[in-house]
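K.L.:
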Amino acid sequence: MRLGWTAPALSAACLFAGSVSAHSPAAVTIEIVGPDGSTFREIPVNSRDDALRSYLQAERGAHYEVRVRNTTGERLALVIAVDGRNIINGQKSELASAEPMYVLDAWQTESYAGWRASLDAINEFYFTDWKDSYAEAFGDRTARGVIAIAVYHEVPPPPV
1270 MRLGWTAPAL SAACLFAGSV SAHSPAAVTI EIVGPDGSTF REIPVNSRDD
1320 ALRSYLQAER GAHYEVRVRN TTGERLALVI AVDGRNIING QKSELASAEP
1370 MYVLDAWQTE SYAGWRASLD AINEFYFTDW KDSYAEAFGD RTARGVIAIA
1420 VYHEVPPPPV
């Protein structure tokens, strides 16, 4: 049996970074962190779509992880895209509920350090020039330099 997930509770973009709609309590917090656990400096920008957005201050070659903390008592699903590609399968992402996603249990915090290459291996995230970007490797510049997350609430199965 597959559980469903409701439309995005919120979405955010990093480098454009962010976590929550301005009109609702935060279901998650999102941080971009270095290997030592320190967070990258964020510079907030105004958004027309109520998503919290910011630029990141980062240096070329710096490795990073996307750390997401579930601030609710319910399970949440995350579609995470970097450079416009879903980090689980590398496919172009529209942040849709039909895409591969990670599930966070209630109150759980998890860090995502790269694109999944297999169940045991990831290709680490790092900041680079656009010519060396994941987006450029696929010839798709529509979301180059963007880290985006869509958060979905779980929909319980209908009663039998």
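The C-terminal residue of the sequence shown carries number 1429 in our numbering, and the numbering is unbroken.
Note that beta-carbon positions come from the ideal geometry of N, C-alpha and C, so glycine has one too.
Drop a sphere of 10 angstroms on the beta-carbon of Gly1353, count the other beta-carbons inside from all chains shown, and report buried for 16 or more, exposed for fewer.
P.N.:
buried
K.L.:
Under the rule that 16 or more other beta-carbon atoms within 10 Å means buried, what is Val1314, buried or exposed?
P.N.:
When all chains shown are included, Val1314 counts as exposed.
K.L.:
Who are Phe1394's beta bridge partners in DSSP?
P.N.:
Tyr1333
K.L.:
For Gln1360, which residues of its own chain have a beta-carbon under 7 Å away from its beta-carbon, when the five flanking residues on both sides are left out?
P.N.:
Arg1354
K.L.:
Pull up the distance between the alpha-carbon of Ile1416 and that of Pro1427, whole angstroms please.
P.N.:
Straight-line spacing of the CA atoms in Ile1416 and Pro1427 works out to 34 Å.
K.L.:
Under 6 Å Cβ to Cβ from Val1351, same chain only, skipping five residues before and after it: list those, please.
P.N.:
Excluding positions up to five away in sequence, the list reads Ile1416.
K.L.:
Excluding the 5 residues flanking Arg1344 on each side, which residues of the same chain have their C-beta closer than 8 Å to its C-beta?
P.N.:
Val1372, Leu1373, Asp1374, Ala1375, Glu1423
K.L.:
May I have a chain-ordered list of the beta strand (DSSP E) segments no shorter than 3 residues that lie completely inside the segment 1346 to 1409?
P.N.:
1371 to 1373, 1378 to 1381, 1383 to 1385, 1391 to 1395
K.L.:
If we ignore side chains and look at the alpha-carbon of each, how far apart do Thr1397 and Ala1382 end up?
P.N.:
15 Å
K.L.:
Measuring straight from C-alpha to C-alpha, what distance separates Asp1389 and Ser1316?
P.N.:
37 Å
K.L.:
Kindly give me the distance between the Cβ atoms of Ile1356 and Trp1384, rounded to whole angstroms, as I take these residues to be in contact under 8 Å.
P.N.:
5 Å
K.L.:
Work out the CA separation of Arg1413 and Val1302 for me, nearest whole Å.
P.N.:
19 Å
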